[in-house]
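K.L.:
One structure is given below, represented as structure tokens, and several questions about it will come after.
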Ligand code: C2G
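Numbering (UniProt numbering), first residue to last: 5 to 133.
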């Protein structure tokens, strides 16, 4: 079984996220998503509209996602790759190169980001309505 791992906030889940998760899952047989906690989002300088529990439920409703774990720190990735026996680490192309340091542990690959959609755009539209 080929196990895939990816990270993110996945707030106001949209088709850019879903396309990413669909392609990530297609890289293997089992997809783990490390979902940024509200506390870690504060460290990332992000404020999610939905709570971690809500964002977790949204991801678990997708057929592409097999397991959701918390992302609490920037530093946990190496431990996660080892702990979950990950074969492939993947992120959207806006992170191109940023996680190549994991390539001694697993395959690292980046998937093209979907242009024209973002959580910020959705929130701005919601605020304007
Ligand atoms: N994404 C995408 N297309 C979009 C928006 C996002 O492909 N239009 C991808 C991002 O590249 C990322 C994933 O969806 O791989 C999640 O995006 P975010 O929720 O914005 O996650 P981010 O804030 O980038 O957190 O440790 C890594 C961080 O937790 C990543």
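Just so it is clear, CB atoms sit at the ideal spot from N, CA and C, and this is done for glycine as well.
Excluding five sequence neighbours on each side, which residues of the same chain lie with their C-beta closer than 8 Å to the C-beta of residue 99?
P.N.:
The residues are 114.
K.L.:
Can you tell me whether residue 79 sits near the ligand C2G, meaning its C-beta is under 7 Å from at least one heavy atom of the ligand?
P.N.:
No, the Cβ of residue 79 stays beyond 7 Å of every heavy atom of the ligand C2G.
K.L.:
Expressed to the nearest angstrom, what Euclidean distance is found between the alpha-carbon atoms of residue 59 and residue 108?
P.N.:
Approximately 31 Å between the Cα atoms of the pair.
K.L.:
Comparing the CB of residue 99 with every heavy atom of the ligand C2G, is any distance shorter than 7 Å?
P.N.:
Yes.
K.L.:
Only counting runs of 4 or more residues, tell me where the alpha helix (DSSP H) segments fall wholly within the segment 17 to 100, in order along the chain.
P.N.:
Taking only runs of at least 4 residues, the alpha helix (DSSP H) segments lying wholly in the segment 17 to 100 are 19 to 30, 42 to 48, 56 to 64 and 81 to 87.
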